[in-house]
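The opening residue of the sequence shown carries number 11 in the working numbering; numbering runs sequentially from there. Below is one structure, written out as structure tokens; the observations come after it.
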Amino acid sequence: MSSLCLYFKVHQPYRLKKYLKQDVQVCSCYEDAATDEANINKVANECYLPANEIMFKAIEATKGIFKVAFSISGVTLALLEKYRPDVIESFQFLVNTGCVEMLGETYYHSLSSLHSKKEFQRQVKMHATLIHDLFGQSPNVFRNTELIYNNSLAGLVTALGFKGILCEGIERLLNGKTVNKICTTPAANIHLLLRNVTLSDDIAFRFGEEQWDKHPLTAEKFAEWIHLHESDTQVINLFMDYETFGIYKKKETGIFDFLKALPQAVLSNADWKFSLPSKAIKEYGASDVYDVPKTISWEDKSKECCVWCENMMQNNTLKKIYSIEKMVLHHNDEALLETWGRLQCADYFYYMADSNCAHAKGRYSNPHETPQNVFEYYNNIITDFEISLIKKMMEPSQRFYYSSIGNLY
11 MSSLCLYFKV HQPYRLKKYL KQDVQVCSCY EDAATDEANI NKVANECYLP
61 ANEIMFKAIE ATKGIFKVAF SISGVTLALL EKYRPDVIES FQFLVNTGCV
111 EMLGETYYHS LSSLHSKKEF QRQVKMHATL IHDLFGQSPN VFRNTELIYN
161 NSLAGLVTAL GFKGILCEGI ERLLNGKTVN KICTTPAANI HLLLRNVTLS
211 DDIAFRFGEE QWDKHPLTAE KFAEWIHLHE SDTQVINLFM DYETFGIYKK
261 KETGIFDFLK ALPQAVLSNA DWKFSLPSKA IKEYGASDVY DVPKTISWED
311 KSKECCVWCE NMMQNNTLKK IYSIEKMVLH HNDEALLETW GRLQCADYFY
361 YMADSNCAHA KGRYSNPHET PQNVFEYYNN IITDFEISLI KKMMEPSQRF
411 YYSSIGNLY
């Protein structure tokens with residue numbers, strides 16, 4: 011049988027204040043708690059709870075044949091624990107059905123895999139511990155922030171004990187190979203599940219767009235596209251944001267009706283089933299090698315418009331936040347470490363994207379501020395945080411260490 015592997019990313023960042031120059035060394039509280047609460051309530055009520063209910067009913071109606079995987083960032087779980095513990099209970103209820111798999115990732119939804127191997131390892135372990143504590147699962151499959159991936163990352167993730175990685179299926183790297191089979195890497199002993207870009211984006215981006223030549227998209231039409239695949243298809247991987255349902259695509263578009271109807275539409279063909287990522291890896295094994303010597307991500311359109319370093323604002327702030335790692339770690343202070351971790355969240359750098367870039371016009375843009383304003387606020391926050399670290403370093407008990415290591419940045 012062929013499988014459909016359905017996975018959703020669940021992520022909401024902490025919202026930062028409009029932090030001005032005059033706030034530096036006056037206020038070291040960087041987050042907007044009121045906006046955090048309002049935002050998490052919105053996504054809980056309009057997406058997470060109604061979508062989770064649909065997932066549970068699909069599991070129940072198919073007697074456990076329907077299956078789904080989630081990757082929930084640590085910061086999202088922290089926000090939910092603080093403001094909406096009922097949503098965590100809802101996810102726990104789903105996990106307890108035995109038909110849901112929780113994936114591993116960086117705790118802070120960060121770009122640490124590109125900038126600090128040590129910090130990346132810390133965050134992945136931190137996230138795995140939280141997932142085990144909340145859901146009783148030890149993640150076996152890894153999803154990096156925005157599906158950032160390369161051959162080197164595969165070795166690092168393998169060393170952390172994972173059996174599989176989700177990544178983008180890039181046509182120019184496939185060299186004519188199908189995206190719908192399990193792959194492995196040139197060196198590391200780990201399996202890769204490649205996102206089917208076209209089918210995933212049909213739901214995540216094109217659903218409800220009246221100018222699209224396939225509009226309207228129904229579950230039956232979508233299932234027919236799946237069923238038309240070759241009989242030797244192993245697994246079609248549909249990976250997207252959970253917020254697609256109710257947030258990016260509003261209820262009025264019919265997106266929830268589509269989600270409700272999809273499981274039965276897919277299962278109407280007896281040659282198809284739903285699989286979890288770890289189960290698909292075990293069942294099918296690797297059929298080919300996917301060689302990715304240079305970094306890719308889901309937003310792999312051009313070198314000039316990538317998701318992490320498209321302009322000087324992003325480059326400067328990324329260099330700065332990781333340049334202070336030694337000072338943060340030296341203090342061995344959990345509060346400082348937590349603040350530094352939260353400030354690594356990839357969303358803040360996406361908000362600095364040039365307005366002419368595709369992803370800046372979509373769901374990752376900040377609708378209330380210009381990229382320049384976001385850069386200014388973030389830069390002020392980093393300035394305040396760094397000054398606080400230096401002041402702490404220069405305390406009498408710290409001076410010998412500081413003089414012995416010299417310039418840290």
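Ideal Cβ positions, reconstructed from N, Cα and C, are used throughout, including at glycine.
Starting from residue i, follow its DSSP beta bridges and name the residues at the other end.
i      : result
Gly174 : Val151, His201
Ala79  : Tyr17, Glu111
Asp251 : Lys19
Asp223 : BP columns for Asp223 are empty, so no partner.
Cys193 : Leu202, Asp298
Lys283 : Ser13
Tyr159 : Ile306
Glu41  : Leu26
Lys259 : Phe255
Val246 : Going by the sequence as given, residue 246 is Ile instead of Val. According to DSSP, Ile246 bridges with Leu14.
Ser120 : Cys355
Below 7 Å CB to CB, which residues in the same chain sit around residue i once its five sequence neighbours on both sides are set aside?
i      : result
Thr257 : Note that residue 257 corresponds to Ile in the displayed sequence, not to Thr. Closer than 7 Å at the Cβ level, and outside the excluded window around Ile257, lie Val53, Glu56, Cys57.
Glu219 : His225
Trp222 : Arg216
Met65  : Val78, Leu104
Thr168 : Ala198, Asn199, Ile200
Thr72  : Pro273, Leu277
Glu253 : Val53, Cys57
Are the Cβ atoms of residue i and residue j separated by less than 7 Å?
i      : j      : result
Tyr189 : Gly174 : Looking at the sequence provided, one finds Val at residue 189 rather than Tyr. Result no, Cβ atoms of Val189 and Gly174 do not sit closer than 7 Å.
Ser210 : Phe249 : yes
Ser83  : Arg153 : no
Glu386 : Ile334 : no
Ala198 : Gly171 : no
His142 : Glu115 : no
Gln354 : Tyr118 : yes
Phe255 : Leu272 : no
Met112 : Phe145 : yes
Asn247 : Asn206 : yes
Trp308 : Glu129 : no
Ser100 : Leu59  : yes
Cys109 : Gly74  : yes
Ala229 : Ala275 : yes
Leaving out five residues on either side along the sequence, give the residues of the same chain with a beta carbon under 8 Å from the beta carbon of residue i.
i      : result
His201 : Lys173, Gly174, Ile175, Ile192, Cys193, Thr194, Ile291, Gly295, Ala296
Thr263 : Phe217, Gly218
Val245 : Ser12, Ser13, Leu14, Cys15, Asn190, Lys191, Ile192, Leu203, Ser285, Ala290, Tyr294
Trp350 : Ile331, Ile334, Glu335, Val338, Phe395
Glu41  : Tyr24, Arg25, Leu26, Lys27, Arg352
Leu183 : Tyr300, Asp301, Val302, Ile306
Ser312 : Confidence at Ser312 is low in this model, with a pLDDT of 48, below 50, so the placement of that residue is unreliable and no value is reported for it.
Ile98  : Leu87, Leu90, Glu91, Leu144
Ser148 : Ala138, Ile141, His142
Lys231 : Lys224
Ser413 : In this predicted model, Ser413 has a pLDDT of only 46, less than 50, meaning its place in the structure is not dependable enough to derive any value.
Ser241 : Ser12, Asp281
Roughly how far, in whole angstroms, is the beta-carbon of residue i from the beta-carbon of residue j, given that I think they are within contact range, below 8 Å?
i      : j      : result
Ile50  : Leu90  : 7 Å
Tyr93  : Glu47  : 5 Å
Asn160 : Lys261 : Contact doesn't hold; Cβ gap of about 38 Å is too wide.
Pro381 : Met323 : 7 Å
What does a CB cutoff of less than 6 Å around residue i pick up in its chain, not counting 5 residues either side in sequence?
i      : result
Lys187 : Asp298
Asp251 : Lys19
Lys107 : Rather than Lys, the amino acid found at residue 107 in this sequence is Thr. Here the set comprises Ile69.
Leu30  : none
Gly372 : Unreliable positioning characterises Gly372 in this predicted model, as indicated by a pLDDT of 48, which lies under 50. The coordinate reading is nonetheless provided below. Excluding sequence neighbours, Gly372 sits near nothing in its chain.
Thr243 : Ser12, Asn190
Thr45  : Arg25
Ala233 : Ala275, Val276
Glu405 : none
Asp357 : Pro23
Thr393 : Val34
Given 6 Å as the limit, tell me if residue i has its C-beta closer than that to any heavy atom belonging to the ligand PLP.
i      : result
Gln102 : As far as ligands go, the structure on display features none, and thus does not contain the ligand PLP.
Are the stretch 389-401 and the stretch 20-35 touching by the rule of at least three beta carbon pairs closer than 8 Å?
yes
Take every Cβ of the stretch 270-283, pair it with every Cβ of the stretch 323-341, and state whether three or more of those distances are shorter than 8 Å.
Contact between the stretch 270-283 and the stretch 323-341 is not established, with fewer than three Cβ pairs separated by less than 8 Å.
Quick check: the stretch 121-132 against the stretch 24-31, are at least 3 beta-carbon pairs closer than 8 Å?
no
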